[in-house]
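*Asks:* Numbering (UniProt numbering), first residue to last: 1 to 826. The beta-carbon is built from N, C-alpha and C at its ideal position, and this holds for glycine as well. Below: one structure in structure tokens.
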Amino acid sequence: MELIITEKDNAARRIADILSGGTYDSSRENGVNVYEWGGKRCVGLSGHVVGVDFPSEYSDWRDVEPVELIDADVEKTATKENIVATLRLLARRAQRVTIATDYDREGELIGKEAYDIVRNVDDDVPIRRVRFSSITENEVQNAFDEPDDLDFDLAAAGEARQIIDLIWGAALTRYLSLSAGQLGDDFISVGRVQSPTLKLIVDREREIQAFEPEEYWELFADLRKDETSFEAQYFYRDEDDNEAERIWEEPVANEVYETLADGDVATVVDVTRRTRTDTPPEPFNTTQFIRAASAIGYSAKRAMSIAEDLYTAGYITYPRTDNTVYPDDLDPEDLLDEFVSHPSLGDSAESLLEADEITPTEGDEETTDHPPIHPTGEIPSRGDVSDDEWEVYELVVRRFYATVADAAVWEHLKVVAEANDHRLKANGKRLIEPGYHDIYPYFSTTENYVPDVDEGEELALSDVELEDKQTQPPRRYGQSRLIETMEGMGIGTKSTRHNTLEKLYDRGYIESDPPRPTKLAMAVVDAAENYADRIVSEEMTAQLEADMDAIASGEATLDDVTDDSREMLEEIFANLADSREEIGDHLRKSLKDDKRLGPCPECGEDLLVRRSRHGSYFIGCDGYPDCENTLPLPSTGKPLILDEECAEHGLNEVKMLAGRQTFVHGCPLCKAENAGEGPVLGDCPDCGEDHGGELAVKTLQSGSRLVGCTRYPDCEYSLPLPRRGEIEVTDERCEEHDLPELVVHSGDEPWELGCPICNYQEFQARESDSGSDLEALDGVGAKTVEKLADAGIEDLEDLIDADPDAVADDVEGVSADRIRSWQAKA
DNA sequence: GCAAGGTC
1 MELIITEKDN AARRIADILS GGTYDSSREN GVNVYEWGGK RCVGLSGHVV
51 GVDFPSEYSD WRDVEPVELI DADVEKTATK ENIVATLRLL ARRAQRVTIA
101 TDYDREGELI GKEAYDIVRN VDDDVPIRRV RFSSITENEV QNAFDEPDDL
151 DFDLAAAGEA RQIIDLIWGA ALTRYLSLSA GQLGDDFISV GRVQSPTLKL
201 IVDREREIQA FEPEEYWELF ADLRKDETSF EAQYFYRDED DNEAERIWEE
251 PVANEVYETL ADGDVATVVD VTRRTRTDTP PEPFNTTQFI RAASAIGYSA
301 KRAMSIAEDL YTAGYITYPR TDNTVYPDDL DPEDLLDEFV SHPSLGDSAE
351 SLLEADEITP TEGDEETTDH PPIHPTGEIP SRGDVSDDEW EVYELVVRRF
401 YATVADAAVW EHLKVVAEAN DHRLKANGKR LIEPGYHDIY PYFSTTENYV
451 PDVDEGEELA LSDVELEDKQ TQPPRRYGQS RLIETMEGMG IGTKSTRHNT
501 LEKLYDRGYI ESDPPRPTKL AMAVVDAAEN YADRIVSEEM TAQLEADMDA
551 IASGEATLDD VTDDSREMLE EIFANLADSR EEIGDHLRKS LKDDKRLGPC
601 PECGEDLLVR RSRHGSYFIG CDGYPDCENT LPLPSTGKPL ILDEECAEHG
651 LNEVKMLAGR QTFVHGCPLC KAENAGEGPV LGDCPDCGED HGGELAVKTL
701 QSGSRLVGCT RYPDCEYSLP LPRRGEIEVT DERCEEHDLP ELVVHSGDEP
751 WELGCPICNY QEFQARESDS GSDLEALDGV GAKTVEKLAD AGIEDLEDLI
801 DADPDAVADD VEGVSADRIR SWQAKA
């Protein structure tokens, strides 16, 4: 029997399908799928099935000095015991073993792990290795026709990484955690990838904090030719003869303003017209996929999770890849053919097939691991997938379309006009060949109209405006920007970068989105910079990559590299020896700063956000047990302390993070003081007749509100109220329930909640029948419906009446063309 | 209860 081992179950099944011509049988062994046909068995691992760790005598953090971990043994233990057991079982019956894990460094190491398990039960069964970049008939057959041997040097390179990451990560993590007394769930972690990523975020925050805004002025004016007017901006030549728009001195700005405002005509002195080719985007690798998904409203985590589901269901290729070049095996025309008859995706495919020649775009990265992310040609029916999945699937399909579509062409028209020796410019752009934008509507195609004018022509000048502005601090990194930057720095991998961000959230290092570093994060990066600079520097990865290459090519051994690394860490610990207390104090202080709201009104100590034994949050005094003052927090969400302070109590306001339900709670002391019963609305429908209970607007201590019975807790009748806004009780009454109608004042526009009972009944009806008729449109998912609703488009009727350009401006990730195509279909 | 890397 020949045993074939792949990296994952999915790959095992597809390889079995290809090699058996679809005739394989499948069975389960210890919960692991085994595919069998004509003397062959194929089984999938689940990535690494063994992991590295220290022997158990090192596991108590308090008993072991962190420095001892540097020279501790590193053992391999099974992490997926059922898979290891299955592998041993199958290996005993094998006359030949073929390792078919992924074609990259980590795949070689995973293959080596399987090799060791097999060797453990059989010293001389032949073990060979096959390599292929995508699981297609051609590639797989070729690979099995020309088997090779496992590359032990490449696997050793991966092992060196495992050992170095474990030793550095564990030793320094334990050192920091012990120094601050943070044990248990709240340990303070550092690592080769997470810490440089955190430093990126912290460095940007430092820049923002150190930023001092500068005042400057810009001038705009309207120019008019016949009946069409357009906006132009004042500019001048700076000392380097570059065009500059910002004026840094107020008197100069005023002088320019008055001179321009004085005139009523400007003469065209220069007209530049050029066409620009806008080339279609490159095939999706993981990072670019995350970026595109983020532009239509999906977090990195959500995008990857949806991609994973689409992959498992067979609709798209493997979502974790660095590759941006389609393999030769992919015939774009064949793939387009699969889509031709599709109701919503078919037209685009058909139009693409009309081209004389189809040449896909290529990116710079060509790797052996997996093809770029593209649709497989198996198309889900609309009912097979959720709205979000369909939206992401359509993105992947349309990205594939875009990579085989024509370039777009823009015409840029720059007009420079002069008035009283001052110059104004206007940049117009027009999309003259929409090219790939027709089938890939995710990029903005907003045009800026500037009319045709000739040099020497006179234009009417009016509405000169002087704008007083300030320079802005650099912007925080968004999640997808961080992932791109990590990729550029060479840290993390296609499979881990998005998880690293989640880890930083979990560890209490960053909060909110775009992520902001906590005080703890600033202190951790500070400490690392002072004592272990290497762990927060991308250099560590760069050096490790070079060392791994050396091991892989036989120029160095695993021991050479890990010994050097251990020595470096020894030095770091020598420097750390006397600083434990100082580092611990700083970390502890920062941890408290992250929880501080302001002074306790009873004793003047600090009020801190705390967590009860049951996991719920509340506010307690740092003076406890001397001061027992507490304030409640709402039961939903995780509290985030905002910068805003309550003018009355000097406490920071609190926001409750709960995904879509996130809301600003405000000052917890104000909320507690305002607790109690508000105006009575009418008789309680449950107990009014029998016991005289009445409904009143109530505010709980935690700040949440409801309409409840005055006989509570004897009567528990209640109706929900929105978290935000002031509630106004109007004179209008609901005839059916004999209750006043309510109006909520929040944001700019007050909105009518109406009768609280009717409102609740409507809410329940909506819950059971959620979904807008907009979802009937192809490619419109729940996300898009939500975004459209925010822009005032609730249903098809609204959509038909809408101005596509205006909506495209309001709704991120939806182009005017896409709206027009929806209008046409609606 | 540490890392980073696979996979789910």
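Can you name the residues that DSSP bridges to residue 482?
*Replies:* None; residue 482 has no bridge partner.
*Asks:* Are residue 270 and residue 450 touching if we call contact CB-CB under 8 Å?
*Replies:* Going by C-beta atoms, residue 270 is not nearer than 8 Å to residue 450.
*Asks:* Going by C-alpha distance, which of 601, 595, 603, 600 is nearest residue 609?
*Replies:* The residue with the shortest Cα to Cα distance from residue 609 is 595.
*Asks:* If you reduce the DSSP assignment to three classes, tell me which class residue 706 lands in.
*Replies:* Three-state result, residue 706: strand.
*Asks:* Taking 8 Å as the cut-off, does the stretch 231-244 touch the stretch 394-410 (at least 3 CB pairs, one atom from each stretch)?
*Replies:* The answer is no - the stretch 231-244 does not touch the stretch 394-410, with fewer than three Cβ pairs under 8 Å.
*Asks:* Identify, in the order they occur along the chain, each residue of the same chain with its Cβ nearer than 6 Å to the Cβ of residue 163, setting aside the five sequence neighbours on each side.
*Replies:* For residue 163, where only same-chain residues beyond five positions count, the Cβ hits under 6 Å are 74, 562.
*Asks:* Does the stretch 653-669 touch the stretch 689-699, meaning 3 or more C-beta pairs lie closer than 8 Å?
*Replies:* Judged by Cβ distances under 8 Å, the stretch 689-699 makes no contact with the stretch 653-669, as fewer than three pairs qualify.
*Asks:* Does the Cβ-Cβ distance between residue 633 and residue 665 come in under 8 Å?
*Replies:* Yes, the pair counts as a contact, with Cβ atoms nearer than the cut-off.
*Asks:* May I have a chain-ordered list of the beta strand (DSSP E) segments no shorter than 3 residues that lie completely inside the stretch 172-253?
*Replies:* Runs found: 215-225, 228-237.
*Asks:* In terms of residues, what are the limits of the alpha helix (DSSP H) holding residue 12?
*Replies:* It spans 9-20 - the alpha helix (DSSP H) in which residue 12 sits, taken as one unbroken run.
*Asks:* Is it buried or exposed, residue 422, if we count other Cβ atoms within 10 angstroms and call 16 or more buried?
*Replies:* Answer is buried; the Cβ neighbour count reaches 16.
*Asks:* Is the CB-CB distance between residue 376 and residue 314 below 8 Å?
*Replies:* It is a contact, given that the beta carbons lie within the stated cut-off.
*Asks:* Drop a sphere of 10 angstroms on the beta-carbon of residue 211, count the other beta-carbons inside from all chains shown, and report buried for 16 or more, exposed for fewer.
*Replies:* Exposed, since its Cβ has fewer than 16 Cβ neighbours within 10 Å.
*Asks:* Do residue 651 and the ligand ADP come close, with the Cβ less than 7 Å from some heavy atom?
*Replies:* Summarising the ligand content, the structure contains no ligands, and the ligand ADP is consequently not present.
*Asks:* Give a yes or no on contact between the stretch 203-223 and the stretch 464-482, applying the rule of three or more CB pairs nearer than 8 Å.
*Replies:* The stretch 203-223 vs the stretch 464-482: in contact.
*Asks:* Let's test the definition: count the other Cβ atoms within 10 Å of the Cβ of residue 152 and tell me whether it reaches 16, buried, or not, exposed.
*Replies:* Counting Cβ neighbours within 10 Å, residue 152 comes out exposed, since fewer than 16 surround it.
*Asks:* Counting C-beta neighbours from all protein chains within 10 Å, is the total for residue 205 16 or more, i.e. buried, or is it exposed?
*Replies:* Flag for residue 205 reads buried.
*Asks:* Quick one: Cα of residue 261 to Cα of residue 523, how far?
*Replies:* C-alpha separation (whole angstroms): 53 Å.
*Asks:* According to DSSP, is residue 548 part of a helix, a strand, or is it coil?
*Replies:* Looking at residue 548 - three-state DSSP - the assignment turns out to be helix.
*Asks:* Cα separation between residue 767 and residue 721?
*Replies:* Caution is warranted here: a pLDDT of 48 is assigned to residue 767, below 50, making its placement in the model unreliable, and the coordinate value is therefore given only provisionally. When rounded, the distance between both Cα atoms is 16 Å.
*Asks:* Residue 70 and residue 566 - do their beta-carbons sit closer together than 8 Å?
*Replies:* Closer than 8 Å, so yes.
*Asks:* How big is the Cα-Cα spacing for residue 597 and residue 299?
*Replies:* The alpha-carbon atoms of residue 597 and residue 299 are separated by roughly 29 Å.
*Asks:* What three-state label does DSSP hand residue 817 in the structure shown?
*Replies:* In this prediction, residue 817 scores a pLDDT of 46, lower than 50, which makes its location untrustworthy; the coordinate-derived value is nonetheless stated afterwards. Helix.
*Asks:* Going straight from the alpha carbon of residue 50 to that of residue 83, what length do you get?
*Replies:* Taking the straight line from one Cα to the other gives about 10 Å.
*Asks:* Alpha helix (DSSP H) containing residue 44: first to last residue?
*Replies:* Note, residue 44: premise wrong, no alpha helix (DSSP H); beta strand (DSSP E) at 40-44.
*Asks:* Which same chain residues end up closer than 6 Å to residue 176 when comparing Cβ atoms and leaving out the 5 residues on each side of it in sequence?
*Replies:* Around residue 176: 188.
*Asks:* When the Cα of residue 528 is compared with those of 316, 549, 486, 199, which residue comes out closest?
*Replies:* Selected option, being the one with the closest Cα: 199.
*Asks:* Relative to the C-alpha of residue 226, which candidate in 552, 428, 492, 452 has its C-alpha closest?
*Replies:* Ranking 552, 428, 492, 452 by Cα distance to residue 226 puts 452 first.
*Asks:* Taking the continuous alpha helix (DSSP H) assigned at residue 286, which residues delimit it?
*Replies:* Segment 286-295, the alpha helix (DSSP H) holding residue 286.
*Asks:* Quick one, are the C-beta atoms of residue 217 and residue 244 less than 8 Å apart?
*Replies:* Against a cut-off of 8 Å, the Cβ pair of residue 244 and residue 217 comes out as no contact.
*Asks:* Can the beta-carbon of residue 405 be found closer than 8 Å to that of residue 352?
*Replies:* Against a cut-off of 8 Å, the Cβ pair of residue 352 and residue 405 comes out as a contact.
*Asks:* Quick one: is residue 432 buried, meaning 16 or more other Cβ sit within 10 Å of its Cβ, or exposed?
*Replies:* Burial call: exposed.
*Asks:* Are the CB atoms of residue 66 and residue 183 nearer to each other than 8 Å?
*Replies:* No; because the gap between Cβ atoms is not below 8 Å, this pair is not in contact.
*Asks:* For the beta strand (DSSP E) that residue 656 lies in, which residues bound it at each end?
*Replies:* Taken as a continuous stretch (DSSP letters only), the beta strand (DSSP E) holding residue 656 covers 652-657.
*Asks:* DSSP puts residue 267 in a beta bridge; with which residues?
*Replies:* Bridge partners of residue 267: 418, 458.
*Asks:* Measure the CB-CB distance between residue 45 and residue 110 and report whether it falls below 8 Å.
*Replies:* In contact: residue 45 and residue 110 (Cβ atoms closer than 8 Å).
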